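One structure is given here, and the rest of the page talks about it.
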Amino acid sequence: MEHFPWLTTVILFPIAASLLIPIIPDKDGKTVRWYALIVGLIDFAILVYAFYVGYDLNNPGLQLVESYTWIPELDLKWSLGADGLSMPLIMLTGFVTTLAIMAAWPVTLKPKLFYFLMLAMYGGQIAVFAVQDMLLFFLVWELELVPVYLILSIWGGKKRLYAATKFILYTAGGSLFILIAALTMAFHGDTVTFDMSAIAAKDYSFNLQLLLYAGFFIAYGVKLPIFPLHTWLPDAHGEATAPAHMLLAGILLKMGGYALLRMNAGMLPDAHAFFAPVLVILGVVNIVYAAFTSFAQRNLKRKIAYSSISHMGFVLIGIASFTDLGTSGAMLQMISHGLIGASLFFMVGCTYDRTHTLMLDEMGGIGKQMKKVFAMWTTCSLASLALPGMSGFIAELMVFVGFATSDAYSFTFKVIIICLAAVGVILTPIYLLSMLREMLYGPENKELVEHTKLIDAEPREVFIIACLLVPIIGIGLYPKIVTQIYDSTTNQLTALMRNSVPSLVQEAYKPSSPYSLLSAKAPEIELAASK
Amino acid sequence: MEPLYQYAWLIPVLPLLGATLVGIGLISLNKATNNLRQIVAVFIVSITGVAMVMSFAILWSQIQGHPVYNRTIEWASAGDFRLTMGYTIDHISSLMLVIVTTVAFLVMIYTDGYMAHDDGYVRFYAYLSIFSSSMLGLVISPNLVQVYIFWELVGMCSYLLIGFWFDRKPAADACQKAFVTNRVGDFGLLLGMLGLYWATGSFEFGVMGERLEELVSSGTLWSGLAVIFAILVFLGPVAKSAQFPLHVWLPDAMEGPTPISALIHAATMVAAGVFLIARMYPVFENIPIAMNTIAWTGAATAFIGATIALTQNDIKKGLAYSTMSQLGYMVMAMGIGSYTAGLFHLMTHAYFKAMLFLCSGSVIHGMEAVVGHNPVVAQDMRLMGGLRKYMPVTAITFLIGTLAICGIPPFAGFWSKDEILGQAMTANPALWFIGWATAGLTAFYMFRMYFMTFEGEFRGNDTGIRQQLLAASGVVFGPGAMDTKEHEDHGHDDSPHESPLTMALPLVVLAIPSVALGLIGRPWANNFEEFIHAPSESLAEITAEAGQFDWTEFGIMAGLSVAIATAGIIVAFLAYRAKKIDPNAIAKKYPALYKFSLNKWYFDEIYNQVFVIGSRRLARQIMEVDSRVVDGAVNLTGLATLLSGEGLKYLETGRAQFYALIVFAAVLGFVLVFSIT
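Sequence order for the protein chains is A and B. Going by my numbering, the first residue of the first sequence is number 9, and it counts up by one from there. Going by my numbering, the first residue of the second sequence is number 31, and it counts up by one from there.
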């Protein structure tokens, strides 16, 4: 371990900094927000620098590795590392959390506690993506819930206690399965170890794999969320404040997808091959079901919350596609939705600050006085409905093409799934544009204008949206800037997954195209040799 | 010439940069940027001018025989998958570049006059510039994915521009309708694209066609699948080019400002569908069923559009249905295999229809001075009449456009439409008959429009008609129009006036191609066909064909077309100018037919009932399931734990004997259970 412990630094720095908050002299809560913002920026800068000096794009394995024995009796190690699955999400966490701190500027209730929790979450979230020890993963996963619970239950809306309790019960219930599965895996076989790569290398019987997989799947399915385990999300979102939204949609949901990739697909590939069709079907259900529900919602926050669920369906289909392209698309969809979801929820917060209502029926024509809000809402919604030139489009396209060319499924199954998923392509603009129309377009709602003063967006708000749009549009214009960060890792992971599909074993990947069957076999042989 | 090609990517990128700059200005320094007004306009127009000059240079070098130029970069990759983006300059893309940049350039100049008093002047220029950029990107796309990307982007621009006056409710509804209807088409395009990629492993037009042909002929791929893929791809053009049954968005799109109706919804974007069919020719050509579907869809659209246009009173709606009908001609031409004729009509139509729309804008601009800014009265032809006296330039250019669209020689439309009809006769006489009958209808409704607008007495000051129209439009416009000061109910002049120079000049310039452009496609010396022909045809075949030109056949076909057009014009003259025929009497005699046409074949009503209300109901039901059943189960579990906890707490009495009793009972229970089993 010759290199500087970068990952430990980025995790512990905000947590340590948060401990100083109580002693900062601050009466009106204005110093502490600057303090939190600066800490966030410094941490993000460290992260970018560490990525720049210590991360090799072509190395599919773990990098920036650190390992310290913590409790030797339990074989608990403080072991960190980042590969292609972790690194982009760690960066996303740093980015979105820093912006969330800036979005929290108007928070006046208990600012010290609020920023303390934000900084604690900052470190905690990065830790979830970076830890390489199963027990430690479980610990940070659980610890992560506490600040979210507190933020929901103290700064939430009217039904905040119901929502917060639902959230904590749901996720804690899910985590129970992680604990059981993790312990089973750790004690399985001859050696007792919590190290993730050692656990992955163990040999599990097929039935055990199925049980473990189901356990993980329930836990991560709650987080992602997957139908029918999703109902905590609209409630939590319906009551949360804008910064909490940004973290929930931007990062917390991605933990589910990340863990599905790392543990379900990466550690239990045989079970993954068995469960994959279930994932695909649930993915389609997520897309279509949540899109319809979102269309019917009259509450702005719940509408966007369901749209998040709908978008997460693509992640599931991508993970289960058994193609490089699909896995890569799933990863990109997580990053892309992290940015787009955060921007949409920030806009919801912006709008609520002005209209003091979330019901679409009580709005209408508010774009007339707020031209900038209008522009930002339109851009973010277009990003969310997968307009080309923005990140959502390329992610969805990769999942579509990846699944269409997958050789793990029958032709009929693929046709049905793709047609249904493509229905989502029609439904997304329906609910998003209807929302824009009812909220911003048309003549002004007289009652609303009488009671409230609609002031156009302030520079801080424009800046936050601009910050989120830069990567959204950047990825849309040239996706390789992000895909190359994780490409080597996802390709390796896909190869591992493919090894477990009985029909695909011993076969090189071919894009299942009738043309490739017809044309010369030469390129395929080359591919097989290179594997 | 090489540097010109190396930097051809600037053509779409320049307008994008212009739009980005203005956009950033609007967001960060809103007031200052809005005050710049004409400086911004000059900036955007000159950028488009640069793109136009480059396009002309490229077209010239292509005409001189420069080989096809391709340049691509790797855009996305994962594993073995590679997706490239870039641009390709060949004959058809160089032609499209010129069409798009010239129309865009003229429309932008026109906009200065038309939008002079609008608050959104600067924003409008930014939107126009993004649109030009996307449209130019579309025509130089080398593969289907890139076409799809720009296809969606032009759709977005169309959405933004239709909803430009977003505080008007009809505009708000129309822009969403346009986007969603187009998404339905894109749904097909996406599926078709995935299917073709699955089958052929490529997104390149030529490669897809070649491999698909090979697969079908060798029997590896069921030919029905190829048909399905082709028709799915064709759904994209059906929506974008407003073909039956996805045409419903185009007439509503007229809620946008008139310059964009000319640019987007007449000349360029709606023609993108025809362009895509042309690009996909290597695939479509070998699939006869798909080609027939295309041809019949086009013919049906041409006919439906024309029949609806007969009774429209809103000048822009009338032109919109005429656009739909003309697009039907182009699509039909593509379907019967006359690639050249379809694109030829695309080009001539782009110019004369853009001019007609700009004329209608000029008329509306003039009318607004008299009747105020409410579109219900400003666009209704029943309030117009006799405008030729007040706006001579507009009247003459409109007449030229009308003659061109009716197919009167030697105007541009004659040559292109006649070529389509001639080829339709060879392909299928039934298609020819529909096209021919539609030509008659076209002549009638276009001259009806001309006579109602420009001839006779000016009716704009007739308050009776005004009140009637306002009352008929009812609540829809009322509140919105009265809310704001700019929507005055009454104008300030008694008579309309000719539009300012910036508006009149583009009309005059567009009149030139509307008159003369057809001459490059004379059937006996078809310069156009030598330049633009189907990828599978060779130049030698074309010159050989041209050598066998038959004057008698041409005479008969052209004579028939001109005859029916003249008949249409005469009927329109008798009804709307000489007043020998009373159109109202005919309408009363056949009320069902009249209503059918006036209500646009009831498409909107049916779609509203089936799709809009249906999908809303379904969504509400699913939401009910979500909150009652799925979430209900969750809450029920919560409730059950609470209740059982509440119940169990009474057992915790604190007395050890009671606990012992419970333990004893439990043990007894276990023993009993195990002894039984």
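Where a beta carbon is used, it is the ideal one built from N, C-alpha and C, also for glycine. Note that the coordinates shown come from a computational prediction; the quantities given were computed from them, not determined experimentally.
Taking the continuous alpha helix (DSSP H) assigned at residue 82 of chain A, which residues delimit it? Premise fails: residue 82 of chain A is in no alpha helix (DSSP H) and is neither H nor E.
Would you kindly work out how many angstroms separate the C-alpha atoms of residue 511 of chain B and residue 391 of chain B, rounded to a whole number? With a pLDDT of only 41 at residue 511 of chain B, under 50, the local geometry of the prediction cannot be trusted, and no value is derived from it.
Beta-carbon neighbours of residue 599 of chain A, restricted to chain B and to distances below 8 Å: Chain A is shown from 9 up to 539; residue 599 of chain A falls before or after that span and cannot be answered.
Counting only Cβ-Cβ distances shorter than 9 Å, please list the residues of the region 459-489 of chain B near chain A, keeping chain order. none
Is the CB-CB distance between residue 496 of chain B and residue 393 of chain B below 8 Å? no
Does residue 388 of chain A come within less than 8 Å of chain B when only Cβ atoms are used? no
By DSSP, does residue 91 of chain B sit in helix, in strand, or in coil? helix
At which residues does the alpha helix (DSSP H) containing residue 378 of chain A begin and terminate? From DSSP, residue 378 of chain A is part of no alpha helix (DSSP H); its letter is neither H nor E.
Where the beta strand (DSSP E) through residue 105 of chain B begins and ends: 99-108
Give a yes or no on whether 8 Å exceeds the smallest Cβ distance from residue 60 of chain B to chain A. yes
Please confirm whether any heavy atom of the ligand FAD lies closer than 7 Å to the CB of residue 217 of chain B. Ligands are entirely absent from the displayed structure, and the ligand FAD is therefore not among its contents.
Helix, strand or coil for residue 270 of chain A? Go by DSSP, reduced to three states. helix
Integer-rounded CB distance, given that residue 154 of chain B should sit under 8 Å from residue 167 of chain B: About 21 Å separates the two Cβ atoms, so there is no contact after all.
Does the distance from the C-beta atom of residue 156 of chain A to that of residue 135 of chain A stay below 8 Å? no
Anything in chain B within Cβ reach of residue 87 of chain A, meaning under 8 Å, just list it in chain order. None at all; the shortest Cβ gap to chain B is about 29 Å.
CA-to-CA distance, residue 307 of chain B to residue 367 of chain B, given in whole angstroms: 11 Å
Decide if the region 419-428 of chain B is in contact with the region 167-178 of chain B; the criterion is three or more beta carbon pairs, one per stretch, under 8 Å apart. no
Give me, in chain order, the residues of the same chain whose beta-carbon lies closer than 6 Å to that of residue 292 of chain B; leave out the 5 immediate sequence neighbours on both sides. 137, 384, 387 and 388
If we count the other Cβ atoms within 10 Å of its Cβ and call it buried at 16 or more, is residue 46 of chain B buried or exposed? buried
Quick one: residues in its chain with C-beta nearer than 6 Å to the C-beta of residue 277 of chain B, no 5 flanking neighbours on either side, listed in chain order? 354
On a Cα-Cα basis, can you pick out the residue from B/462, B/148, B/437 and B/251 that is closest to residue 597 of chain B? B/437
Would you call residue 14 of chain A buried or exposed, if buried means 16 or more other Cβ atoms sit within 10 Å of its Cβ? buried
At which residues does the alpha helix (DSSP H) containing residue 369 of chain B begin and terminate? 369-401
Quick one: is residue 505 of chain B buried, meaning 16 or more other Cβ sit within 10 Å of its Cβ, or exposed? At residue 505 of chain B the pLDDT is 44, less than 50, meaning the model places this residue with poor confidence and gives no usable figure here.
Within chain C, the residues that residue 228 of chain A reaches when beta carbons sit closer than 8 Å: Reference to chain C is not applicable here, since the protein chains of this structure are A and B.
So which residues of chain B does residue 336 of chain A contact, with C-beta pairs closer than 8 Å? 108 and 109
Looking only at its chain, what residues have a beta carbon closer than 7 Å to the beta carbon of residue 431 of chain B, apart from the 5 residues adjacent to it on each side? 382, 385, 386, 389 and 544
Out of A/439, A/406, A/273 and A/445, which one is the CA nearest neighbour of residue 505 of chain A? A/273
Whose Cβ in chain B lies nearer than 9 Å to the Cβ of residue 434 of chain A? 210, 213, 214, 216 and 217
May I ask you to list, following chain order, the residues of the region 147-170 of chain A that have a beta carbon less than 9 Å from some beta carbon of chain B? none
Do we get a CB-CB distance below 8 Å when we pair residue 273 of chain B with the residues of chain A? no
Given residue 251 of chain B, which residues of its chain have a CB within under 8 Å of its CB, disregarding the five upstream and five downstream residues? 229, 242 and 245
Residues near residue 184 of chain B by beta carbon distance below 7 Å, same chain, minus five either side: 161, 164, 165, 168, 299 and 302
Using a cut-off of 8 Å between C-beta atoms, extract the partners of residue 430 of chain A located in chain B. 217, 220 and 221
Measuring straight from C-alpha to C-alpha, what distance separates residue 276 of chain A and residue 121 of chain A? 41 Å
Quick check: is the beta carbon of residue 161 of chain B nearer than 8 Å to any beta carbon in chain A? no
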